[in-house]
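Going by the numbering used here, the sequence shown opens with residue 3, and the numbers climb by one from there.
Glycine included, C-beta positions come from ideal geometry on N, C-alpha and C.
In this text the structure is predicted, and so the values were computed from the model without any measurement.
To start, the structure itself, in structure tokens.
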Amino acid sequence: MNPPWQRKLLLCLFLGLSSCGKTRLDSDGRLHESSASFSYRVPEGWSLSKPAGMEFHVVADQPRDGMQANLFVDGVEDGSLEDRRTWLTESYERRHREVSFLSQEPFQTDDGLSGWKLSSTRRSKDGLLIQGYHYLLQDDQRVLLITGSCAEASAAFYEAQFDQAMRSLKRESHNE
């Protein structure tokens, strides 16, 4: 019989591997984030990765104007849109150089989730001006916060792609 620590290790390994297939990109180009019960359509040709230590996937395009445009889940938290908007602006102001929030406008998904789209700019450590689009969507008692980032020089090219991906966001049950 294996010692308890080996049984725990095997259990953790099994649980980790068994959850690997639950998040997937289907034939329709939809990324299913099963642990948070939502999915969205990924822009065509973008790559999918899950960096170590991150709960959710990152999707990214090829480099353009000095960076890879990307979409990532900043958080899925209980609370109100106003609380999460305040958290977002305060945390970005603490973490980033020269950050400015430029606009806030209502946003709604095709599935009926509503909230806000905030636009921001900030400087990277290398001095690149980065455009951010932050989607805060109320889903019952939780708020989904998803951010799209690109070089500011590419913002006109990517904003419509970010909007389209976020409009396609829909709730799913844990069984889908």
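{"Query": "Report yes if the CB atom of Leu-138 is closer than 8 Å to the CB atom of Gly-117, and no otherwise.", "Result": "yes"}
{"Query": "Taking Cβ to Cβ, would you say Ser-151 is nearer than 8 Å to Gly-134?", "Result": "yes"}
{"Query": "Just confirm the distance between the C-beta atoms of Ala-167 and Val-44, as a whole number of angstroms; I'd bet it's less than 8 Å.", "Result": "6 Å"}
{"Query": "Look up Phe-58 in the DSSP assignment and say whether it is helix, strand or coil.", "Result": "coil"}
{"Query": "Can you tell me the Cα-Cα spacing of Gln-70 and Met-56, whole angstroms?", "Result": "18 Å"}
{"Query": "What does His-98 pair with, by DSSP beta-bridge criteria?", "Result": "DSSP, once it has assigned bridges, lists no residue as partnering His-98."}
{"Query": "If you scan the stretch 38-94 from start to end, which runs of the beta strand (DSSP E) of 3 or more residues do you find wholly inside it?", "Result": "40-43, 49-51, 60-66 and 69-80"}
{"Query": "For Pro-80, collect the residues of the same chain with a Cβ closer than 7 Å to its Cβ; drop the 5 residues on either side in sequence, then sort them by chain order.", "Result": "According to the sequence as given, residue 80 is Asp; it is not Pro. Closer than 7 Å at Cβ, skipping near neighbours: Gln-143 and Arg-144."}
{"Query": "Going by C-alpha distance, which of Lys-127, Ile-148 and Gln-106 is nearest Glu-100?", "Result": "Lys-127"}
{"Query": "Return the CA-CA distance between Asp-76 and Ile-148, expressed in angstroms with no decimal places.", "Result": "5 Å"}
{"Query": "Could you tell me the boundaries of the alpha helix (DSSP H) in which Glu-161 lies?", "Result": "157-169"}
{"Query": "Taking its Cβ as the centre, do 16 or more other Cβ atoms sit within 10 Å of Lys-52, making it buried, or is it exposed?", "Result": "exposed"}
{"Query": "Taking Cβ positions, are Leu-50 and Thr-111 nearer each other than 8 Å?", "Result": "no"}
{"Query": "Counting C-beta neighbours from all protein chains within 10 Å, is the total for Gln-64 16 or more, i.e. buried, or is it exposed?", "Result": "exposed"}
{"Query": "Based on Cα-Cα distance, which residue from Phe-40, Gly-47, Ser-39 and Thr-123 lies nearest to Gly-31?", "Result": "Gly-47"}
{"Query": "Only counting the same chain, and skipping five residues up and downstream in sequence, which positions put a Cβ closer than 7 Å to that of Glu-154?", "Result": "Thr-123, Leu-131, Ile-132 and Gln-133"}
{"Query": "My output table needs one value for Glu-35: the three-state DSSP class, helix, strand or coil.", "Result": "strand"}
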